[in-house]
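Peer 1:
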Amino acid sequence: MKYHLGLDVGGTNLAAGVVTERYEIISRKSVPSGAGRSLEEIVRAMADVSGAALTAVGLSEADVEYWGIGMPSYINPETGLLVHANCFGWRNVAILDALARHTKLPVVVENDANCAAYGEILAGAGKDYDNAVMLTLGTGVGGGIILNRRIYAGADGMGGELGHTKLVYNGRQCTCGQYGCMEAYCSARALAGMTREEMAAAPGRDSLLWEACGGVPEALTVRQIFDAWEQKDPLAEKMVDQYVEYLTAGMSTFITIFRPEIIILGGGVSNAGEAFLEKINRRLGAQTFAGMEIGVPRVIRAKLGNDAGIIGAAMLRPRKQQSIKKRK
-6 MKYHLGLDVG GTNLAAGVVT ERYEIISRKS VPSGAGRSLE EIVRAMADVS
44 GAALTAVGLS EADVEYWGIG MPSYINPETG LLVHANCFGW RNVAILDALA
94 RHTKLPVVVE NDANCAAYGE ILAGAGKDYD NAVMLTLGTG VGGGIILNRR
144 IYAGADGMGG ELGHTKLVYN GRQCTCGQYG CMEAYCSARA LAGMTREEMA
194 AAPGRDSLLW EACGGVPEAL TVRQIFDAWE QKDPLAEKMV DQYVEYLTAG
244 MSTFITIFRP EIIILGGGVS NAGEAFLEKI NRRLGAQTFA GMEIGVPRVI
294 RAKLGNDAGI IGAAMLRPRK QQSIKKRK
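In the numbering used here, the protein residues as written are -6 to 321.
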């Protein structure tokens, strides 16, 4: 049996896994990423946790062909240069050179959101489809585009940053420094932030949201917003309605350009429940060019959770080889 080694690098954790040809994770190891540590310390931790995942099932580097890594960054696929890894504050880091000091394996590095989308198309919600867009709605908005079962990232391999497409001209400032990005309106952080602003501006404290956060808007969570929405709290309904308008407006752009078969939602917001998902699907057709006439792809929830990034990273190939046939 062939085995594959994947590592999902996040701002909070480094999660490694050994994956079979059937996309089953047979070993997992995770350690804190320790953002704030030096490049060398983090790279050593990446190598150590990946080695531990192999050792846990009696394997070594000799049992895998390469090491696939998903990282939250613009990545030059030819050089492996991390152009912009915001969670670590890295700019133009030669990550392949740094990793070469800790492994003899060939290393393939890809954007983490692309890895998650790839994992879902191989083994998760998208396994029966060839073309999909995935959005991860969490602290930020991650995006991955799959066309003909390949990761699509443009001519230079650094496209597909869907969360940083412009949604509102000269709008709210995004964490990237630009204004009006989709992330500034559609991330979980954005929903919570806009709701807190509305609470501060609204007269009185009769909303369930005030009780939920103990009278401290800064403590309000997205889960509390959706709980109040399910109870038909007027303020929560207003904010979720607004959020869905922004989200479906962004999705409509991706549909118009790519016409995917499905849109996969991951991240914390995707766990808001079936009623929320149906609300998105009801609104999407009206938001999309010719959507009411020719239809729009259905929005579905991701299935693999954090495993998607590990599986997608483990199954990476050089871009020209990244098409894998659907499993029978």
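C-beta: ideal position from N, C-alpha, C; glycine also.
#1: Report the rounded CA-to-CA distance for Ala146 versus Thr5, giving the unit in angstroms.
#2: Whole angstroms are fine: how far does the CA of Val209 sit from the CA of Ala194?
#3: Please classify Glu71 as buried or exposed, where buried requires at least 16 neighbouring CB atoms within 10 angstroms.
#4: Name the DSSP beta bridge partners of Thr13, please?
#5: Going by C-alpha to C-alpha distance, which of Ile218, Ile138, Gly3, Gly27 sits closest to Asp234?
#6: Mind checking whether Ser23 and Val50 have CB atoms under 7 Å apart?
#7: Quick one: using the 10 Å Cβ neighbour count with 16 as the cut-off for buried, is Ser53 buried or exposed?
#8: I need the boundaries of the beta strand (DSSP E) containing Glu211, first residue and last residue.
#9: Out of Ser245, Val11, Lys120, Asp41, point me to the one whose CA is closest to Leu155's CA.
#10: Three-state secondary structure (DSSP) at Gly135?
#11: Cβ of Tyr323 within 7 Å of Cβ of Leu115?
#12: Flag this pair as yes or no: are the beta carbons of Leu92 and Val100 separated by less than 7 Å?
#13: Buried or exposed: where does Gln280 fall if 16 or more other Cβ atoms within 10 Å of its Cβ makes it buried?
#14: Quick check for students: name the residue ranges of the alpha helix (DSSP H) that lie wholly in the segment 38 to 79, counting only runs of 4 or more.
#15: Just how far apart, CA to CA, sit His95 and Arg310?
#16: Assign Phe282 to buried or exposed, taking buried as 16 or more other Cβ atoms, counted over all protein chains shown, within 10 Å of its Cβ.
#17: The beta strand (DSSP E) spanning Gly259 covers which residue range?
#18: Out of curiosity, what's the CA-to-CA distance linking Ile255 and Ile139?
#19: Taking Cβ to Cβ, would you say Leu0 is nearer than 7 Å to Ile68?
#20: Excluding sequence positions up to five away, which residues of its chain have a Cβ less than 7 Å from the Cβ of Thr241?
#21: Ends of the beta strand (DSSP E) at Arg21?
#22: Is the beta carbon of Ala106 sitting closer than 7 Å to the one on Lys296?
#23: Is it the case that the segment 123 to 139 contacts the segment 258 to 274, given that we only count it when at least three CB pairs across the two stretches are under 8 Å?
#24: So Arg84 is in the beta strand (DSSP E); what residue range does that whole segment cover?
#25: Is it the case that the Cβ atoms of Ile88 and Leu98 are separated by a distance below 7 Å?
#26: Among the candidates Pro65, Val126, Trp83, whose CA atom is the shortest distance from the CA of Ile250?
#27: Enumerate in chain order the residues of its own chain whose CB-to-CB distance from Val134 is below 6 Å, with the five nearest sequence positions on each side excluded.
Peer 2: This is what the structure holds:
#1: Stepping through the sequence shown from its first residue, residue 146 is reached at position 153. Stepping through the sequence shown from its first residue, residue 5 is reached at position 12. Roughly 25 Å between the two C-alpha positions.
#2: Looking up residue 194 in the sequence shown gives position 201. Looking up residue 209 in the sequence shown gives position 216. The straight-line gap from Cα to Cα measures roughly 14 Å.
#3: Translated into the one-based positions of the sequence shown, residue 71 becomes position 78. By the 10 Å Cβ count, Glu71 comes out exposed.
#4: If you number the sequence shown from 1, residue 13 lands on position 20. Paired residue(s): Tyr(-4).
#5: If you number the sequence shown from 1, residue 234 lands on position 241. Of Ile218, Ile138, Gly3, Gly27, the residue nearest in Cα terms is Ile218.
#6: As a first step, residue 23 must be located in the sequence shown, where it is residue number 30. As a first step, residue 50 must be located in the sequence shown, where it is residue number 57. With respect to Val50, Ser23 sits apart: the two C-beta atoms are not nearer than 7 Å.
#7: Along the sequence shown, read from residue 1 onward, the residue named residue 53 stands at position 60. By the neighbour-count rule (16 or more Cβ atoms within 10 Å), Ser53 is not buried but exposed.
#8: The residue you call residue 211 lines up with position 218 of the sequence shown. Per DSSP, Glu211 belongs to no beta strand (DSSP E) and is neither H nor E.
#9: Start at 1 with the first residue of the sequence shown, and residue 155 comes out as number 162. Minimum Cα distance to Leu155 is reached at Ser245.
#10: As a working mapping, residue 135 is identified with position 142 in the sequence shown. Looking at Gly135 - three-state DSSP - the assignment turns out to be strand.
#11: No statement about residue 323 is possible, as the shown extent of the chain runs from -6 to 321 and does not include it.
#12: Along the sequence shown, one-based indexing puts residue 92 at 99. Along the sequence shown, one-based indexing puts residue 100 at 107. In this structure, Val100 lies closer than 7 Å to Leu92 by Cβ.
#13: For the purposes of this step, residue 280 is taken as the residue at position 287 of the sequence shown. Gln280 comes out buried.
#14: none
#15: What you label residue 95 is simply residue 102 of the sequence shown in a count that begins at 1. What you label residue 310 is simply residue 317 of the sequence shown in a count that begins at 1. Distance between the alpha carbons of His95 and Arg310 is about 21 Å.
#16: Within the sequence shown, residue 282 is the residue found at index 289, counting from 1. Label assigned to Phe282: exposed.
#17: Taking the sequence shown and counting its residues from 1, one reaches residue 259 at position 266. Where Gly259 is concerned, the enclosing beta strand (DSSP E) stretches over 255 to 259.
#18: Against the sequence shown, residue 255 aligns to sequence position 262. Against the sequence shown, residue 139 aligns to sequence position 146. Their backbone Cα atoms lie some 10 Å apart in a straight line.
#19: For the purposes of this step, residue 0 is taken as residue 7 along the sequence shown, with counting starting at 1. For the purposes of this step, residue 68 is taken as residue 75 along the sequence shown, with counting starting at 1. Not closer than 7 Å, so no.
#20: As a first step, residue 241 is located in the sequence shown; it is residue number 248 there, counting from the start. Closer than 7 Å at Cβ, skipping near neighbours: Ile273, Arg276, Leu277, Gln280.
#21: If you number the sequence shown from 1, residue 21 lands on position 28. Unbroken beta strand (DSSP E) run through Arg21: 18 to 25.
#22: Residue 106 sits at position 113 when you count from the first residue of the sequence shown. Residue 296 sits at position 303 when you count from the first residue of the sequence shown. No; because the gap between Cβ atoms is not below 7 Å, this pair is not in contact.
#23: Yes: at least three Cβ pairs fall under 8 Å.
#24: One-based indexing of the sequence shown puts residue 84 at position 91. Here the beta strand (DSSP E) through Arg84 covers 83 to 87.
#25: Here residue 88 refers to the residue found at position 95 when the sequence shown is read from its first residue. Here residue 98 refers to the residue found at position 105 when the sequence shown is read from its first residue. Not in contact: Ile88 and Leu98 (Cβ atoms no closer than 7 Å).
#26: Residue 250 sits at position 257 when you count from the first residue of the sequence shown. When only C-alpha atoms are compared, the closest one is Val126.
#27: As a first step, residue 134 is located in the sequence shown; it is residue number 141 there, counting from the start. Closer than 6 Å at Cβ, skipping near neighbours: Gly156, Met175, Glu176, Cys179, Ser180.
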